[in-house]
Every structure is written in structure tokens, then in C-alpha cells.
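Asks:
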Amino acid sequence: MLATVQRHLAQQNAQGYLVGGAVRDALLDRPIEDLDVAVAVDPKALADALRSPLAASVVALDERRRTFRLVLGRGRGVLDLTPLAGGPGDDAQRRDFTIDALAVALGELAAEPAAARVIDTVGGLSDLRDGVVRAVGDGVFRDDGARLLRGVRLAAELDFTLDDETCSLIRRDAHLLESVAAERVRDEFCRILAHPGAAVWLRLLDRLGLLTRILPELEASREVTQPKEHHWDVLQHSIETVAAAERVLRHVSDDEQRFPTPWDDEIADYFAQEAGGGRDRGFFVKLAGLLHDVAKPATKTIEADGRIRFLGHPKLGARMTQEAMERLRFGNRETGAVVTMVREHLRPGLISRDGGPSRRAVYRFFRDAGDVAVDTLYLSLADHLAARGPLLEADEWRRNVEQIHGMLDNWRHQAPEAHPPKLIDGHDLMRELGLEPGPQVGDLLEVVKEALAAGEVSTAKDALALARRLLKRGRSHPSPRTE
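Numbering follows my numbering, with no gaps: position 342 of the sequence shown is 342.
1) Does DSSP put V19 in a helix, in a strand, or in coil?
2) Using the three-state DSSP reduction, which class does L79 fall into: helix, strand or coil?
3) Would you mind reading off the limits of the alpha helix (DSSP H) that contains D173?
4) State the beta-bridge partners of A103 as determined by DSSP.
5) For S380, does the count of other Cβ atoms within 10 angstroms reach 16, so buried, or fall short, so exposed?
6) Taking three-plus beta-carbon pairs below 8 Å as touching, is the stretch 173-189 in contact with the stretch 139-153?
7) In this structure, does DSSP put A220 in helix, strand or coil?
8) Would you call L572 buried or exposed, if buried means 16 or more other Cβ atoms sit within 10 Å of its Cβ?
9) For my contact list, L106 and L2 are in at a C-beta cut-off of 8 Å; report their separation, rounded to the angstrom.
10) Taking the alpha-carbon of R247 as reference, which of D383, I351, L84 has the nearest alpha-carbon?
11) Using DSSP with H/G/I as helix, E/B as strand and the rest coil, what is T459?
12) Quickly, what does DSSP pair I308 with across the bridge? List them, please.
13) Quick check on I119: buried or exposed, where buried means 16 or more other Cβ atoms within 10 Å of its Cβ?
14) Using only CA atoms, which one of V136, E108, I99 lies nearest to S126?
15) Measure the alpha-carbon distance for K449 versus L311 and round it to whole angstroms.
16) Could you pull out every residue in the same chain whose Cβ sits closer than 7 Å to the Cβ of A467, ignoring the five residues on either side in sequence?
17) In three-state terms, what does DSSP make of D293?
18) Return the residue from the list L291, A465, P260 that minimises the CA-CA distance to D395.
19) In chain order, what residues of the same chain have a beta carbon less than 8 Å from the beta carbon of G277, not counting five sequence neighbours either side?
20) What residue range does the alpha helix (DSSP H) around T561 cover?
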């Protein structure tokens, strides 16, 4: 591909340079996903000329900056063409971080790849060796506010350190994030959150003044005290829940003897499923962990005896979570999943008290949590693990895990509590009971499902008899769903 680009440039006696992340990743022996080439010709004209020989489509990334993308078919990646500003040294000054301001002449790559020289005018090679993410200059974030997050994301993905001066620049310019398109903020933030050990980077985002610019809903949680059962304030607990989610989802190692969790290949495959936007279920459990207590500040009360309560925070938190995810342009599927987990995150613990959950309670949980019932069980585990922090006792943890394990077994083994079979349908009810189509039919079917889960009916005959009794008593409404 690069040889084809170089041939077209040579025909015009023009220079081109491989720049950006491709050079960095090649030097780090990392997979190279996309290519970025700075060219001393019109990038659009070159992109149009390369369209046919590369079997690619052309996309205008930024008309004003004359940046064009060639999307190669069959998963062969993308090639971005940008105008060369003077020479490679001038081009480096336009880039964001020194490790991405390295360049290699395409002519040298085409002639003898192994001997091609890396052009470094900003100290990028030294920073690459030292594992440092350093801004090229004072104005890099003013040029593009998305770079504020990109610096943190690069540090996370490369396991590098942001240098002190760059951190100071980010703090100074953090307000610029508010002018960045929501989709760009979302994508950079999600890549940070998806990284193992994300809590470390969330804390850094907070120290840099970025976290609550991404999610301003979290600001009110800062230093909000909780009952004595909690080790951290609300904001720190929320971040710790992300760390705990990684432990229960096996994204990071844990002391299996002290805090064991239900885990096997079936569970691993489940959480690896794509759940929207190219992100897996495990990612959305982490996002729900960050947001699950977002409404605690608004619902906090202190009773006469000093007891702290947060009544109704899951329901209000679900609404706040929906607003946040819609603002960041998440899709309906992803938003619905996280909103449901936030709304239901207390349920597994509440129904497990006093000797364990009833079959009816388990059914209602799986009904209301729907497609993310298992996800919510693991969010509940993470919440519990993060609540007590270092004060958590192993025996207390094991008791909690046993309750969750029992509910997981319902899901695994197709138990009626989690997967109620259909004994009758609406047509059966209308035919046998003389009902007209309407909400009453759906209500009766829901009551039958709940009775089946509770072991009160087991056949179609039983189900119809129950429906008749309920009609005679004037009771056909199921237990209310959570909102």
C-alpha cells in the first residue's frame, strides 16, 4: 500500500512521510492498525488517484484541514492523507504528542525499509524509550480539545506516564473539552474505561479536571459521606466499583482464596459478547459501576439517630444515567443496558436477605432486569466488594457470593424463575375465558408466569384455572415492574 502511494508521489516529484501512531507502534513492536501519511501534494487529488489501485473508498475527515481517509476493503485498515506543512520538522510541530511526531520518508521505506531513518525533531524517540507522553507544545490542546483525553488514553494503552508539564497544560485547558463533539469525547473515554486497570486512569482524569467534565453528574458525589458500612465517599466508591468489576470479571488478577467469584468458560464467553458500539458486556458493567450511585447526593437524608439513607437513588440514578448516555450519544441498546443495571443494582442484595430469595422474587428480578440480569448480578458483586473496601471480611463475601451463585444457577439451568416456559398464550385466555383483546390478557399472562416460577402451577390446565379464579376475584394485575 505505501509503495503504491510512493509511486504516485514520485510521478509528481513530491515527498511523502509516514507519520503519527504507525511509526510509534512499529518502534514499540505493536500491531499497526491505521496509517497516516503527510504529503506535499493536494491530499484530495492523491486520495482520488489512489481510490482505484487500492480498491478503497474516500472519506473527507476534515475539509478545512484537507484531511482525507482511504478506507481499504476486506478489513485492510485505513490510510489517512494530510497536507505536509513545510518539511517533516514543521509537520511535527502540528502534532499533539512527541511520540506521535516521528516521521519516516516514504522514499526511504520503498528503497530499503530496514535502513529507513526515523526523523525526530521534538525528542519523541527519547520519550518513547522513557515511556513518557509529552505534549509537543503549549497550544496542542487549544488546537483540538479531544487531545486532552487522547493523552490519557495513550498513557493507559501504552502503560506510559504523562509528564508533569503536560498534566499542567491539561488542567489549564480542561474547559476546552466542553467544545468537543460528544461522539469524540465518548469514544476516547470508552477506550480509557475499557482498559484493564481503568480505575487508575479514572482517578487521573479526576485529578486533571476531566472526569466530571465528561460526566458532570458525578461532581455532586465528591466527598459525600456514606453509612459506616462504606469505606469511601460516594465518588471514590463509584471509581472503586469499576476496579471491583474488573476483579469479579477477571479483567485483572485477584486473590482467589480470599475473594472467590463465580467464573467459568460459560460466564467468560457471556461477558465477551458484543453489547453495542463494538464494546463487550464487561465494559458496560464497568460503566454501570461508575454511574450506579450517581443519584446518592440528591437522595441523601440523615435521620434523627444519625443514620444516613439514600432512598430512591436507583430509580433517580437510572434517569440521570439515561440523560448522561444520551448526551454522549450512546445508542439505545447500550443506554438501555446501563440504565437497567443502575436501576436494579440493589435488587440482588435486597432479595437475598433473611434466608435467601424466594422463587417469586428471583423471577421478578430476572423479569425486570431482562437481558442484563446476569450483568446486574456481577455489578452487585462489584458494588459489595467496593463498599467495604479493606474492611471486607472473607466470610461476609462468601455468603454474598453464595446467594448470587444460586441466582446464576437459575439462569444457567433454564430454571422457570429465569426462563419461564409458555404454558398458555393470549389466544388460550380469550378462547377459554371469553376475554376481548386488551391489557387484561397481558396482565393475566404475567400472573401465570409468576405463579409458574413460584411453583404454584405446572400445566396449562393449572394456568387456566388460576386465571379463572383471579377473574372471579377481580384480581388480574401482576406485581408491578420497576421503572
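Every residue gets a Cβ at the ideal spot worked out from N, C-alpha and C, and that includes glycine. This structure is a prediction, so every number in the text was calculated from the model and none was measured.
Replies: Based on what the coordinates show:
1) strand
2) In the three-state reduction of the DSSP assignment, L79 falls in the strand class.
3) 164-173
4) V19, I119
5) buried
6) yes
7) The answer is helix: DSSP assigns A220 an H, G or I state.
8) As displayed, the chain neither begins before 1 nor continues past 483, which places residue 572 out of reach and without an answer.
9) 6 Å
10) D383
11) Of the three classes helix, strand and coil, the one that applies to T459 here is coil, per DSSP.
12) I302
13) Classification of I119: buried, given that the 10 Å Cβ count is 16 or more.
14) I99
15) 30 Å
16) L429, L433, L444, V448
17) coil
18) P260
19) C190, F330, G331, E334
20) Not covered by the structure: residue 561. The range shown for the chain is 1 to 483.
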